[in-house]
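K.L.:
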Amino acid sequence: MTDRLKIGFTPLNRVRGVLVTFCNEALKFGPATQKALAPIGDLPRRAAAADRFTGKIATALTVIAPPTLATPRLVVIGTGKERDLRDHDLARLGGVVMGGVPATAGEVTVLAEFASGSLKAEQIAQMALGARLRAYRFDRYKTKRKEGDERAEKVELNFACPNPAAAERAWRRVESIADGVVMARDLVNEPANVLYPAEFARRASGLRKLGVAVEVLDITAMRKLGMGALLGVGQGSGHESKLVIMRWNGGKRGANPVAFVGKGVCFDTGGISIKPAAGMEDMKGDMAGAACVVGLMHTLAARKARVNAVGAIGLVENMPGGRAQRPGDIVTSMSGQTIEVINTDAEGRLVLADVLHYVNHRFKPKFMINLATLTGAIMVALGQEYAGLFSNDDKLVERLEKAGKATRERVWPMPLGPEYDKMIDSKFADMKNSAGRWAGSITAAQFLQRFVGKTPWAHLDIAGTALGSPQTDINKSWSSGWGVRLLDQLVADYYER
Ligand code: BES
Ligand code: MN
Ligand code: ZN
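Residue numbers for the sequence shown, in our numbering: 10 to 506.
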């Protein structure tokens with residue numbers, strides 16, 4: 010879904026096609042840009058005045074066919090005050106670059122310097138990341154192209170800078186991040202008739218070509234392991250449940266891995282506790298946690314991260330039917346703990362219960378982070394800006410918050426505690442899977458905590474951030490691919506040798 014954009018790096022003196030430049034709030038250009046724009050004199054200033062363009066960050070001014078300049082179109086992008094621009098600001102500006110050039114642009118040259126000076130290779134790579142994510146669209150199922158759209162498939166974005174080789178090297182690493190995000194977005198956007206558990210497992214198996222060890226467990230294997238909680242959710246579906254384990258060993262031999270666990274409900278009808286029809290189509294995205302884990306494992310392997318990492322995803326489809334589980338059913342999880350299923354629509358926690366226990370038991374990870382579109386209640390609490398963060402480990406919270414600020418995939422700490430834990434005690438079993446509406450996101454997290462032992466653990470409730478995402482400068486897609494950049498940053502900052 011991404012080949013409409015080709016990214017390259019060129020020396021400053023090689024300007025071709027549409028020209029993109031940057032200026033600050035004083036409408037000041039960098040030295041190379043000043044030189045390139047010298048032939049048009051005060052045209053940019055006059056155009057800015059006519060268009061009320063003030064150089065505010067992430068705004069754009071377009072001048073068509075400026076006389077005496079070879080370019081068919083000059084795009085000037087505001088960088089604001091240019092103080093303390095962070096990586097995510099650079100990515101955002103890259104998104105604005107991509108948004109500022111027309112679909113028919115063909116070749117584009119971005120003069121990659123600011124008024125305050127030239128950009129580091131890493132900053133240019135972040136800009137390219139933003140452009141790439143902005144260019145993403147999911148059009149696999151559009152059979153009719155709009156007129157003039159052919160060429161939209163082929164924009165060539167060349168970043169002109171003093172050291173293109175260094176920028177190219179930085180981009181090779183960052184491109185792995187872009188690829189991981191795109192992979193996650195694609196998986197989430199796919200409809201559930203295409204992406205059912207076996208097909209999801211097949212796509213995850215594609216990571217083998219990057220050197221990731223991938224195991225796919227079927228229901229027979231899961232039965233042997235005693236995964237009654239996960240299997241109960243999938244038993245009403247014609248599609249067999251799967252458990253996929255991915256391992257990337259780029260760290261010290263034998264060192265305990267870090268572990269990422271994803272909720273992979275390929276479609277969530279609610280089961281017998283069926284959901285209302287309105288908006289139910291969005292539940293094709295109830296596997297966004299699993300998609301993030303696969304995208305992240307792709308990124309870590311593609312950039313050869315110096316870490317041992319495990320990714321595990323529980324893949325099921327939650328359907329009503331003659332074999333579906335009923336409210337009141339009691340299932341036994343792999344941990345031995347029993348669960349009364351009060352509401353078959355609280356299925357994500359049942360899937361995660363077995364996967365978390367399995368990963369903890371088998372791999373003794375340094376930490377486990379799970380991602381799940383777990384509760385509608387998290388959107389009531391936080392909307393779509395922050396993912397809910399629940400954890401038994403302050404250090405992990407702090408690190409995730411830092412990585413969140415750096416990538417702008419932000420997390421907000423939510424409480425856990427024995428009073429909430431008590432709410433999921435059951436009359437008939439060790440616990441129940443739903444405690445009603447109050448503190449809905451917290452009681453879901455308490456449920457998960459009963460399956461992680463003493464291992465440092467964090468649960469990210471991404472129901473608000475991963476689907477139906479607010480449009481940003483770096484995402485125009487229904488699915489955001491949320492979490493790949495966050496967790497890659499976490500690993501890079503704290504867990505690589
Ligand atoms: N997949 C849903 C949560 C969800 C809702 C994700 C909207 C994304 C958008 C989850 O399985 C669910 O149904 N949760 C219930 C739990 C309740 C039955 C205790 C919910 O949030 O209503
Ligand atoms: Mn549900
Ligand atoms: Zn669900």
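Ideal Cβ placement from N, Cα and C applies to all residues, glycine included.
Going by DSSP, what residue range makes up the beta strand (DSSP E) through ILE339?
P.N.:
Segment 339–341, the beta strand (DSSP E) holding ILE339.
K.L.:
Nearest CA to the CA of SER488: which residue from VAL406, SER478, ALA35?
P.N.:
Comparing Cα-Cα distances from SER488 to each of VAL406, SER478, ALA35, the minimum goes to SER478.
K.L.:
Give a single yes or no on whether MET292 has its beta carbon closer than 8 Å to a heavy atom of the ligand ZN.
P.N.:
Flag set: Cβ of MET292 near the ligand ZN.
K.L.:
Per DSSP, what kind of secondary structure is ALA222 in: helix, strand or coil?
P.N.:
Three-state result, ALA222: strand.
K.L.:
Restricting to Cα atoms, I'd like to know which of LEU83, ARG143, ALA222 is closest to VAL105.
P.N.:
Of LEU83, ARG143, ALA222, the residue nearest in Cα terms is ARG143.
K.L.:
With distance defined between alpha-carbon atoms, name the residue in PRO336, GLY357, LEU361, VAL29 nearest to GLU349.
P.N.:
Out of PRO336, GLY357, LEU361, VAL29, PRO336 has the C-alpha closest to the C-alpha of GLU349.
K.L.:
Taking Cβ positions only, does LEU52 come closer than 9 Å to chain C?
P.N.:
No chain C appears in the structure shown, which is made up of a single protein chain.
K.L.:
Considering only heavy atoms of the ligand BES, does any lie closer than 8 Å to the CB of GLY449?
P.N.:
Flag set: Cβ of GLY449 near the ligand BES.
K.L.:
Have a look at ARG149, LEU28, ALA100 and flag the residue whose alpha-carbon is nearest the alpha-carbon of VAL71.
P.N.:
First, the residue type needs correcting, since residue 71 is Thr and not Val in the sequence shown. For THR71, the nearest C-alpha among the options comes from LEU28.
K.L.:
Is ASN327 near the ligand ZN, with its Cβ less than 8 Å from a heavy atom?
P.N.:
ASN327: yes, Cβ under 8 Å from the ligand ZN.
K.L.:
Go ahead and pull the three-state DSSP assignment for PRO427.
P.N.:
DSSP places PRO427 in helix when its eight states are reduced to three.
K.L.:
Would you call the stretch 311–324 in contact with the stretch 257–273, where contact means no fewer than 3 C-beta pairs closer than 8 Å?
P.N.:
Contact between the stretch 311–324 and the stretch 257–273 is present, because at least three Cβ pairs lie under 8 Å.
K.L.:
Counting Cβ pairs closer than 8 Å, one from the stretch 414–425 and one from the stretch 356–369, do we hit at least three?
P.N.:
No: the two stretches stay apart, fewer than three of their Cβ pairs being nearer than 8 Å.
K.L.:
Who are THR19's beta bridge partners in DSSP?
P.N.:
For THR19, which the question treats as bridged, DSSP gives the partners ALA169.
K.L.:
What is the rounded straight-line gap between the Cα of GLY298 and the Cα of ASN379?
P.N.:
Their backbone Cα atoms lie some 8 Å apart in a straight line.
K.L.:
To the nearest angstrom, report how far apart GLY220 and PHE372 are at their CA atoms.
P.N.:
Distance between the alpha carbons of GLY220 and PHE372 is about 19 Å.
K.L.:
Among ALA121, VAL364, SER246, GLY260, which residue has its Cα nearest to the Cα of PRO4?
P.N.:
Only positions 10 to 506 of the chain appear in the structure, and residue 4 is not among them; the question remains open.
K.L.:
If you draw a straight line from the alpha carbon of ARG194 to that of PHE147, how long is it in whole angstroms?
P.N.:
Roughly 8 Å between the two C-alpha positions.
K.L.:
Can you have a look at GLY260 and say buried or exposed, based on whether 16 or more other CB atoms are within 10 angstroms of its CB?
P.N.:
Burial call: buried.
K.L.:
For GLU505, does the three-state DSSP call read helix, strand or coil?
P.N.:
DSSP places GLU505 in coil when its eight states are reduced to three.
K.L.:
Measuring alpha carbon to alpha carbon, tell me which residue in ARG61, LEU46, ASP98 is nearest ALA74.
P.N.:
It is LEU46 whose Cα lies nearest to the Cα of ALA74.
K.L.:
Is any non-hydrogen atom of the ligand ZN found closer than 8 Å to the C-beta of LYS90, if you look at the structure I gave you?
P.N.:
No, the Cβ of LYS90 stays beyond 8 Å of every heavy atom of the ligand ZN.
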